[in-house]
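**Student:** Chains as they are written, first to last, in my numbering: chain A, 694 to 927; chain B, 694 to 927.
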DNA sequence: CGACCGTTTGAAAGGCATCAAGGCCAGTGG
DNA sequence: CCACTGGCCTTGATGCCTTTCAAACGGTCG
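#1: Near residue 843 of chain A, what residues of its chain come up, given a Cβ to Cβ distance below 7 angstroms and the 5 sequence neighbours on each side ignored?
#2: Would you list the residues sitting across from residue 747 of chain B in a DSSP beta bridge?
#3: Cutting at 7 angstroms between CB atoms, please list the residues of its own chain near residue 743 of chain B, excluding the five before and the five after it.
#4: Quick check on residue 767 of chain A: does DSSP put it in helix, strand or coil?
#5: Check whether chain B comes within 9 angstroms of residue 721 of chain A, counting only Cβ atoms and requiring the distance to be less than that.
#6: Along chain A, which residues have their Cβ under 8 angstroms away from the Cβ of residue 820 of chain B?
#7: Between residue 717 of chain B and residue 723 of chain B, what straight-line distance do the alpha-carbon atoms span, to the nearest angstrom?
#8: Distance, Cα to Cα, residue 915 of chain A vs residue 848 of chain A?
#9: Anyone know if the C-beta pair for residue 791 of chain B and residue 831 of chain A falls short of 9 angstroms?
#10: Looking at the unbroken alpha helix (DSSP H) that takes in residue 858 of chain A, where does it start and where does it end?
#11: Just how far apart, CA to CA, sit residue 795 of chain B and residue 733 of chain A?
#12: Taking 9 angstroms as the CB-CB cut-off, is residue 838 of chain A touching chain B?
#13: Any C-beta of chain A sitting closer than 9 angstroms to the C-beta of residue 835 of chain B?
#14: Buried or exposed: where does residue 826 of chain A fall if 16 or more other Cβ atoms within 10 Å of its Cβ makes it buried?
#15: What's the gap between the Cα of residue 759 of chain A and the Cα of residue 872 of chain B?
#16: Quick one: Cα of residue 878 of chain A to Cα of residue 748 of chain B, how far?
#17: CB residue 737 of chain A to CB residue 731 of chain A, shorter than 9 angstroms?
#18: Give a yes or no on whether the minimum CB-CB distance between residue 806 of chain A and chain B is below 9 angstroms.
#19: For the stretch 901–908 of chain A against the stretch 850–864 of chain A, are there 3 or more C-beta pairs whose distance is under 8 angstroms?
#20: Give a yes or no on whether the minimum CB-CB distance between residue 769 of chain B and chain A is below 9 angstroms.
#21: Provide the residue span of the alpha helix (DSSP H) that contains residue 838 of chain B, from first to last.
#22: Between the Cα of residue 904 of chain B and those of B/761, B/806, B/866, B/751, spot the shortest distance and give me the residue it belongs to.
#23: Whose Cβ in chain A lies nearer than 7 angstroms to the Cβ of residue 825 of chain B?
#24: Would you report the Cα separation of residue 778 of chain B and residue 823 of chain B, rounded to the nearest angstrom?
#25: Quick one: Cα of residue 841 of chain A to Cα of residue 768 of chain B, how far?
#26: Going along chain B in order, which residues have a C-beta closer than 7 angstroms to the C-beta of residue 879 of chain A?
#27: Take the Cβ of residue 815 of chain B as the centre, count every other Cβ of all protein chains shown within 10 Å, and call the residue buried at 16 or more, exposed below.
#28: In angstroms, rounded to a whole number, what distance separates the CA positions of residue 834 of chain A and residue 787 of chain B?
#29: Using a cut-off of 8 angstroms between C-beta atoms, extract the partners of residue 788 of chain B located in chain A.
#30: So, at 7 angstroms on beta carbons, what are the nonlocal neighbours of residue 774 of chain B in its own chain, with the 5 sequence-adjacent residues on each side left out?
#31: Excluding sequence positions up to five away, which residues of its chain have a Cβ less than 8 angstroms from the Cβ of residue 682 of chain B?
#32: Who does residue 742 of chain A pair with in a DSSP beta bridge?
#33: Chain A beta carbons: is any one of them nearer than 9 angstroms to that of residue 737 of chain B?
#34: What is the DSSP secondary structure of residue 907 of chain A, reduced to helix, strand or coil?
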């Protein structure tokens, strides 16, 4: 078991969190879970590998990614604390999953979770909600890719990160490098860097070091991200 | 009920297919369904509208789409016979749905379907599978958008259509116009037209009229779609 | 301190969009 | 019956945004 974790890099099983040890917020206390700690750039599972486990991020960050023959890479999404990974796969993973930085996660058996979902409607409901959220996120991203410029993509990304990991005063630390952002947005590292510099020049954001971001003009940023069309009201 | 269907264009309710009338392949014989016939360009539901109904396409084609403030449009996906629409929404539709051409569909109550899924594990399973399939399709599309050239996108699209509606000898009729394809692939109508002409010049496809396509060199086309092979080079 | 890796910045190239015009087909009305 | 008209499609010329190529910068860790 955990075969996909044994190759190359080491991923340490820190402890077991079974039914008895169910602490604060284990989402499925009925089934066993491992706490896993993985180092930067460790592969959680490979592209195309069978789906044996499902994970929830506790701390750190994970990227799902896919490679094209000639080396082009696309990042599917970034899983941050609280997010799930691996639930989308029917039988095999379409994207690989790798730790962006040192990451701690909860690991469940896919088989046990499926069994639980068959008998426990609330578990099925939770799975369904995670799937729906993932689908909604994917659809937002499709819009972004299809019709947005580099600057609009950058603004959308920053707005998303702001919503997901800001401290309340618009400050957050990006867990990923420029190259990861580029492969997430379908751009190059150079363009990502240029857009960030441009945003800093316009006083929309402030950068401390390379990873620390502060949102200065959220309204302008969100206007730029282009999503103002909810013509429906009811 | 069916409030989203009453605006402007007319969508006729042709009949009722309840439990008793469950003919060949109603997926949920336990709950009632309407058979709906909608004309070209009729809106099934609006962007941001509450999700009251779920549909399965019987014939024709439906596009889901979203507009940006300045008129830019993105098509989420094309639903062809057998495909589901509206199941992805948690409470509100992120994308609008419109008939690409005259379309017949089966219409279910969202509320009844949810209730059924709570008591009937097989129904929940079916919903989950539809969601997973949708998520997988969305993730393939994200890869396409992020890292593929215009020609690779066109090839991917044709390969997809070939798989979904070809007659067995690589012949199929596109239900949608060039503009729809463009908004689906994140290109312009001009570029779509140019790519098709280029493919015809290279004898990868044959066109009869504007909508009828025949795949001549499937291997080359699939190679071009980028999953495996090097980049397209003129 | 110095090498390395990620980041930033600049200059040039390329691919797709934009602008523009002409062709084809179906539906319409004289 | 046929010219007319409008929508959709195709093709060409030009421009712009992003990529590509290249080099310098800065922080980190031996």
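Heads up, the beta-carbon is just placed ideally off N, CA and C, and yes, glycines get one too.
**Tutor:** Let me lay it out:
#1: Counting from one through the first chain, the residue named residue 843 of chain A turns up at place 150. Cβ within range, chain order: 880, 884, 888.
#2: On the second chain, residue 747 of chain B is found 54 positions in, with the first residue counted as 1. Residue 747 of chain B is bridged to B/801.
#3: Here residue 743 of chain B corresponds to residue number 50 of the second chain, with the count starting at 1. Taking C-beta separations shorter than 7 angstroms and ignoring five residues to either side along the sequence, the partners of residue 743 of chain B in its chain run 784, 785, following chain order.
#4: Here residue 767 of chain A refers to the residue found at position 74 of the first chain. In the structure shown, the three-state DSSP call for residue 767 of chain A is strand.
#5: Residue numbering aside, residue 721 of chain A sits at position 28 when the first chain is read from its first letter. Not one chain B Cβ lies under 9 angstroms of residue 721 of chain A.
#6: Against the second chain, residue 820 of chain B aligns to sequence position 127. Result: 821.
#7: Against the second chain, residue 717 of chain B aligns to sequence position 24. Against the second chain, residue 723 of chain B aligns to sequence position 30. With a pLDDT of 47 at residue 717 of chain B, under the threshold of 50, the predicted position of this residue should be treated as unreliable, and no value is reported.
#8: As a working mapping, residue 915 of chain A is identified with position 222 in the first chain. As a working mapping, residue 848 of chain A is identified with position 155 in the first chain. Cα to Cα, residue 915 of chain A sits roughly 7 angstroms from residue 848 of chain A.
#9: Numbered from its first residue, the second chain carries residue 791 of chain B at position 98. Numbered from its first residue, the first chain carries residue 831 of chain A at position 138. Contact: no.
#10: Taking the first chain and counting its residues from 1, one reaches residue 858 of chain A at position 165. Boundaries of the alpha helix (DSSP H) harbouring residue 858 of chain A: 843–858, taken from the DSSP string.
#11: In the second chain, counting from the first residue as 1, residue 795 of chain B sits at position 102. In the first chain, counting from the first residue as 1, residue 733 of chain A sits at position 40. Spanning the two alpha carbons is a distance of roughly 53 angstroms.
#12: Walking along the first chain from the start, residue 838 of chain A turns up at place 145. True, the Cβ-Cβ gap to chain B drops below 9 angstroms.
#13: The count along the second chain starts at 1 and reaches residue 835 of chain B at position 142. Interface residue, yes.
#14: Counting from one through the first chain, the residue named residue 826 of chain A turns up at place 133. A residue is called buried when at least 16 other Cβ atoms come within 10 angstroms of its Cβ; residue 826 of chain A does not meet this threshold and is exposed.
#15: Within the first chain, numbered from 1, the residue matching residue 759 of chain A stands at position 66. Within the second chain, numbered from 1, the residue matching residue 872 of chain B stands at position 179. One C-alpha to the other measures close to 29 angstroms.
#16: The count along the first chain starts at 1 and reaches residue 878 of chain A at position 185. The count along the second chain starts at 1 and reaches residue 748 of chain B at position 55. Taking the straight line from one Cα to the other gives about 32 angstroms.
#17: As a working note, residue 737 of chain A is residue 44 in the first chain. As a working note, residue 731 of chain A is residue 38 in the first chain. Using a Cβ distance threshold of 9 angstroms, residue 737 of chain A and residue 731 of chain A count as a contacting pair.
#18: Stepping through the first chain from its first residue, residue 806 of chain A is reached at position 113. For residue 806 of chain A, the answer is no, since every Cβ of chain B falls outside 9 angstroms of its Cβ.
#19: Touching, yes.
#20: The sequence position of residue 769 of chain B within the second chain is 76, counting from 1. So yes, residue 769 of chain B belongs to the interface.
#21: The residue given as residue 838 of chain B occupies position 145 in the second chain. From DSSP, the alpha helix (DSSP H) with residue 838 of chain B extends over 814–840.
#22: As a position in the second chain, residue 904 of chain B is number 211, starting the count at 1. With distances taken between Cα atoms, residue 904 of chain B lies closest to B/866.
#23: Here residue 825 of chain B refers to the residue found at position 132 of the second chain. By Cβ distance, chain A contributes 781, 783, 824.
#24: Against the second chain, residue 778 of chain B aligns to sequence position 85. Against the second chain, residue 823 of chain B aligns to sequence position 130. So the alpha carbons of these two residues sit roughly 10 angstroms apart.
#25: Looking up residue 841 of chain A in the first chain gives position 148. Looking up residue 768 of chain B in the second chain gives position 75. If you draw a straight line from the Cα of residue 841 of chain A to the Cα of residue 768 of chain B, it is about 13 angstroms long.
#26: For the purposes of this step, residue 879 of chain A is taken as the residue at position 186 of the first chain. Using a Cβ-Cβ cut-off of 7 angstroms, residue 879 of chain A is close to 838, 839, 840 of chain B, given in chain order.
#27: Counted from its first residue, the second chain places residue 815 of chain B at position 122. Note on residue 815 of chain B: under 16 other CB atoms within 10 angstroms of its CB, so exposed under the neighbour-count rule.
#28: Mapped onto the first chain, residue 834 of chain A falls at position 141. Mapped onto the second chain, residue 787 of chain B falls at position 94. Distance between the alpha carbons of residue 834 of chain A and residue 787 of chain B is about 12 angstroms.
#29: Sequence index remark: in the second chain, residue 788 of chain B carries index 95 (1-based). Result: 832.
#30: In the second chain, counting from the first residue as 1, residue 774 of chain B sits at position 81. 750, 751, 752.
#31: The question about residue 682 of chain B has no answer here: the residues shown for chain B are numbered 694 through 927.
#32: For this step, residue 742 of chain A is matched to residue 49 along the first chain. Bridge partners of residue 742 of chain A: none, in fact.
#33: Within the second chain, residue 737 of chain B is the residue found at index 44, counting from 1. No, no contact with chain A.
#34: For the purposes of this step, residue 907 of chain A is taken as the residue at position 214 of the first chain. Looking at residue 907 of chain A - three-state DSSP - the assignment turns out to be strand.
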